[in-house]
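In the numbering used here, the protein residues as written are 6 to 573.
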């Protein structure tokens with residue numbers, strides 16, 4: 006809650022000299038506009054500079070339950086109610102535009118060339134939540150909404166501004182445009198993305214070999230993409246509890262995956278489009294420069310019968326984006342009076358939809374530090390050290406997770422194990438977030454959220470859990486041994502599955518310990534049993550997750566009734 010932020014921010018905007026801003030933000034996408042709105046609401050003079058204009062296409066369309074919780078916290082911590090509109094399908098539909106889709110699950114189907122997918126290998130994960138509904142964001146509308154929100158709170162803006170030079174001095178920063186126009190400020194945040202002017206000027210990009218994962222990507226929006234449910238030749242006994250079309254679909258193959266993210270999968274949507282993409286290891290599948298992206302995409306889809314049916318009648322509605330290796334990272338993400346934020350700092354792969362979550366986490370950790378720095382006129386790099394540790398950790402662990410996933414796609418048993426390591430973090434990380442949010446709401450003390458950052462492994466999916474760190478590291482060890490040819494995937498998969506089943510930090514009663522459980526769809530009784538197990542028999546390091554409220558944010562003593570209903 007903004008009234009509990011430290012630092013005396015009153016009058017900051019009024020105190021700024023003409024032509025000078027407190028904070029200059031490069032990039033007005035979700036990251037830049039969200040941070041800009043938060044700062045401006047508290048009286049900080051903010052200038053948003055962007056090389057493009059709104060509305061515009063952007064990727065990063067699939068949210069997670071954790072994404073929504075982070076943005077809801079940002080709304081409440083910093084007094085920006087507009088951010089809450091992103092946390093439900095109804096909020097997006099009513100407050101922004103009826104152009105986004107719903108997301109009720111993560112769906113994974115493994116394919117082999119020339120074969121129909123085996124339904125025994127179908128996997129679906131539906132995170133337990135009743136209050137929040139994940140969605141597929143039509144980014145040209147959601148980004149424009151946040152951009153306008155930032156302006157409404159007082160941000161100055163310049164669109165179509167091309168950065169020519171950045172000045173970083175001891176007592177100020179400045180940005181110079183191609184036409185010589187110069188803007189001066191006290192702090193610079195670069196949220197512009199891969200082509201970060203600051204990263205370029207300071208030569209901050211690490212060499213490509215510093216990252217383990219390899220993939221290139223192509224993507225667009227299409228009309229006429231068929232629902233996955235209509236393209237599978239299986240009986241009703243192999244249908245998941247939630248139709249495939251109601252979630253983010255991952256069609257996996259050896260060292261790559263297709264995505265299908267529908268915006269047209271909810272009754273209230275007026276958007277007929279589907280986001281479509283292909284991401285695959287550029288070493289295994291080098292780019293054919295003689296083919297257009299459309300031709301390459303369709304020729305690759307034709308290798309897999311069910312995928313070919315998915316796109317058989319689809320028509321492209323916007324130019325393809327086709328990129329060579331998409332991984333990058335930076336040697337440092339903070340310095341004296343500057344910060345590289347979110348995708349300006351680095352990127353790995355869209356697998357697991359982590360981009361928007363990471364953005365929200367970084368905004369949350371940076372904003373309060375900026376308030377303090379502005380109030381005290383002290384921009385020492387050490388003040389922002391955690392922001393760098395968080396961003397480096399997010400990149401590192403995502404790099405390892407996605408790399409292991411790509412290695413595992415060749416064999417279902419290994420992929421099934423890696424999938425469960427990923428799933429094993431999804432409920433604990435949300436519960437951890439809930440515990441600290443509850444304490445913050447009850448006390449109004451912003452220090453509670455600062456204490457939340459005190460974890461041994463920033464960026465790890467469960468940052469405070471040594472048990473999960475051990476499980477994660479074992480996954481990396483096993484998969485990298487497979488990648489080096491020291492063992493086969495078929496041999497390694499059962500061993501890693503045993504490790505998952507026997508790990509004390511894999512929560513009971515969700516189906517994660519059962520390798521034959523294809524569809525993780527916990528019912529209210531399952532959640533009750535899980536909470537009871539966690540309270541009495543779970544590992545000591547995770548028992549705090551049940552303190553105060555249950556897995557859905559309700560008081561522990563509350564009964565599950567019809568009103569609470571199914572948490573999906």
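All C-beta atoms, glycine included, are put in the ideal place defined by N, C-alpha and C.
Over the uninterrupted alpha helix (DSSP H) stretch that includes residue 428, give me the two end residues.
Here residue 428 corresponds to residue number 423 of the chain shown, with the count starting at 1. For residue 428, the uninterrupted alpha helix (DSSP H) run begins and ends at 417 to 448, by DSSP.
Among 121, 133 and 64, whose alpha-carbon lies nearest the alpha-carbon of residue 71?
In the chain shown, residue 71 corresponds to position 66, counting from 1. When only C-alpha atoms are compared, the closest one is 133.
Terminal residues of the continuous beta strand (DSSP E) containing residue 508?
Walking along the chain shown from the start, residue 508 turns up at place 503. Unbroken run through residue 508: none, as it is neither H nor E.
What residue range does the alpha helix (DSSP H) around residue 531 cover?
Within the chain shown, numbered from 1, the residue matching residue 531 stands at position 526. Unbroken alpha helix (DSSP H) run through residue 531: 529 to 541.
Using CA coordinates, which residue listed in 381, 329, 487 and 400 is at the minimum distance from residue 362?
Numbered from its first residue, the chain shown carries residue 362 at position 357. Comparing Cα positions, the closest option is 400.
Spatial neighbours of residue 476 within its chain, please: CB distance less than 8 angstroms, with the 5 preceding and 5 following residues excluded, ordered by chain position.
Position 471 of the chain shown, counting from 1, holds the residue named residue 476. Counting only Cβ-Cβ distances below 8 angstroms, and skipping sequence neighbours, we find 426, 429, 504, 505, 508, 510 and 511.
For residue 8 and residue 84, I'd like the C-alpha separation in whole angstroms.
Residue 8 sits at position 3 when you count from the first residue of the chain shown. Residue 84 sits at position 79 when you count from the first residue of the chain shown. Because residue 8 sits at a pLDDT of 41, beneath the cut-off of 50, its placement in the model cannot be relied upon, and the following sentence gives the value as read from the coordinates. The alpha-carbon atoms of residue 8 and residue 84 are separated by roughly 9 angstroms.
Looking only at DSSP bridge pairs, what is residue 267 linked to?
Numbered from 1 along the chain shown, position 262 holds the residue referred to as residue 267. DSSP output for residue 267 lists 279 as bridge partner(s).
Judging by CA-CA distance, which residue of 424, 538, 119 and 192 is the nearest neighbour of residue 25?
Here residue 25 refers to the residue found at position 20 of the chain shown. Between residue 25 and the set 424, 538, 119 and 192, the nearest pair of CA atoms involves 192.
Can you give the Cα-Cα distance for residue 549 and residue 501, rounded to whole angstroms?
Along the chain shown, read from residue 1 onward, the residue named residue 549 stands at position 544. Along the chain shown, read from residue 1 onward, the residue named residue 501 stands at position 496. Annotation: residue 549 to residue 501 spans about 27 angstroms, alpha carbon to alpha carbon.
If you reduce the DSSP assignment to three classes, tell me which class residue 400 lands in.
As a first step, residue 400 must be located in the chain shown, where it is residue number 395. Correct three-state label for residue 400: helix.
Spell out a yes or no on whether the stretch 99 to 118 and the stretch 255 to 267 are touching, meaning 3 or more CB-CB pairs, one atom from each, closer than 8 angstroms.
yes
Pull up the DSSP beta-bridge partners for residue 115, would you.
Numbered from its first residue, the chain shown carries residue 115 at position 110. DSSP output for residue 115 lists 257 as bridge partner(s).
Under DSSP, the alpha helix (DSSP H) around residue 288 begins and ends at which residues?
Reading the chain shown from its first residue, position 283 is the one you call residue 288. Per DSSP, residue 288 belongs to no alpha helix (DSSP H) and is neither H nor E.
For residue 64 and residue 227, what's the separation of their Cα atoms in angstroms?
As a working mapping, residue 64 is identified with position 59 in the chain shown. As a working mapping, residue 227 is identified with position 222 in the chain shown. The straight-line gap from Cα to Cα measures roughly 14 angstroms.
Sorry if obvious, but does the Cβ on residue 464 come closer than 7 angstroms to a heavy atom of the ligand MN?
Among the components of this structure there are no ligands whatsoever, and the ligand MN is therefore not found.
Rounded C-beta distance between residue 418 and residue 499? I'm assuming under 8 angstroms.
Position 413 of the chain shown, counting from 1, holds the residue named residue 418. Position 494 of the chain shown, counting from 1, holds the residue named residue 499. Yes, they are in contact, since the Cβ atoms of residue 418 and residue 499 sit about 6 angstroms apart, within 8 angstroms.
Any idea what DSSP makes of residue 196, helix, strand or coil?
Counted from its first residue, the chain shown places residue 196 at position 191. Of the three classes helix, strand and coil, the one that applies to residue 196 here is coil, per DSSP.
Check residue 164 in the structure and name its three-state DSSP category.
Walking along the chain shown from the start, residue 164 turns up at place 159. Of the three classes helix, strand and coil, the one that applies to residue 164 here is coil, per DSSP.
With a CB to CB cut of under 6 angstroms and the five nearest residues on each side skipped, what residues in its chain are close to residue 569?
If you number the chain shown from 1, residue 569 lands on position 564. The predicted position of residue 569 is uncertain, since its pLDDT is 27 and thus under 50; a value taken from the coordinates is nonetheless stated next. Closer than 6 angstroms at Cβ, skipping near neighbours: no residue.
Can you tell me whether residue 327 is helix, strand or coil according to DSSP?
Numbered from its first residue, the chain shown carries residue 327 at position 322. If DSSP states are grouped into helix, strand and coil, residue 327 belongs with the strands.
For the alpha helix (DSSP H) holding residue 35, just list the boundary residues, first then last.
Residue numbering aside, residue 35 sits at position 30 when the chain shown is read from its first letter. Taken as a continuous stretch (DSSP letters only), the alpha helix (DSSP H) holding residue 35 covers 35 to 46.
Look up residue 305 in the DSSP assignment and say whether it is helix, strand or coil.
As a working note, residue 305 is residue 300 in the chain shown. DSSP places residue 305 in helix when its eight states are reduced to three.
Report the rounded CA-to-CA distance for residue 468 versus residue 204, giving the unit in angstroms.
Here residue 468 corresponds to residue number 463 of the chain shown, with the count starting at 1. Here residue 204 corresponds to residue number 199 of the chain shown, with the count starting at 1. Each residue's Cα considered, the two are about 27 angstroms apart.
What are the start and end residues of the beta strand (DSSP E) that includes residue 179?
The sequence position of residue 179 within the chain shown is 174, counting from 1. 178 to 182 is the extent of the beta strand (DSSP E) around residue 179.
By a C-beta neighbour count over all protein chains shown, 10 Å radius and 16 as the cutoff for buried, is residue 190 buried or exposed?
On the chain shown, position 185 is the one that residue 190 refers to. Per the 10 Å Cβ criterion, buried.
Nearest-angstrom Cα distance between residue 373 and residue 43?
Walking along the chain shown from the start, residue 373 turns up at place 368. Walking along the chain shown from the start, residue 43 turns up at place 38. C-alpha separation (whole angstroms): 10 angstroms.
Under the rule that 16 or more other beta-carbon atoms within 10 Å means buried, what is residue 213, buried or exposed?
Taking the first residue of the chain shown as position 1, residue 213 is located at position 208. So residue 213 counts as exposed.
For the beta strand (DSSP E) containing residue 584, list its first residue and its last residue.
As shown, the chain starts at 6 and ends at 573. That puts residue 584 outside it, with no answer to give.
Taking only three categories from DSSP, how would you classify residue 412?
As a first step, residue 412 must be located in the chain shown, where it is residue number 407. It is helical.
Would the stretch 396 to 413 count as touching the stretch 328 to 342 if we require 3 or more Cβ pairs under 8 angstroms?
yes
Is DSSP giving residue 575 helix, strand or coil here?
The chain is shown only over 6 to 573; residue 575 falls outside these bounds and no answer can be derived.
Have a look at 355, 533 and 174 and flag the residue whose alpha-carbon is nearest the alpha-carbon of residue 385.
Against the chain shown, residue 385 aligns to sequence position 380. That would be 174, whose Cα lies nearest to the Cα of residue 385.
Can the beta-carbon of residue 346 be found less than 8 angstroms from the beta-carbon of residue 371?
The count along the chain shown starts at 1 and reaches residue 346 at position 341. The count along the chain shown starts at 1 and reaches residue 371 at position 366. Yes, Cβ-Cβ distance for residue 346 and residue 371 is below 8 angstroms.
How many Å lie between residue 303 and residue 471 at the Cα?
Translated into the one-based positions of the chain shown, residue 303 becomes position 298. Translated into the one-based positions of the chain shown, residue 471 becomes position 466. If you take the alpha carbons of residue 303 and residue 471, they lie about 44 angstroms apart.
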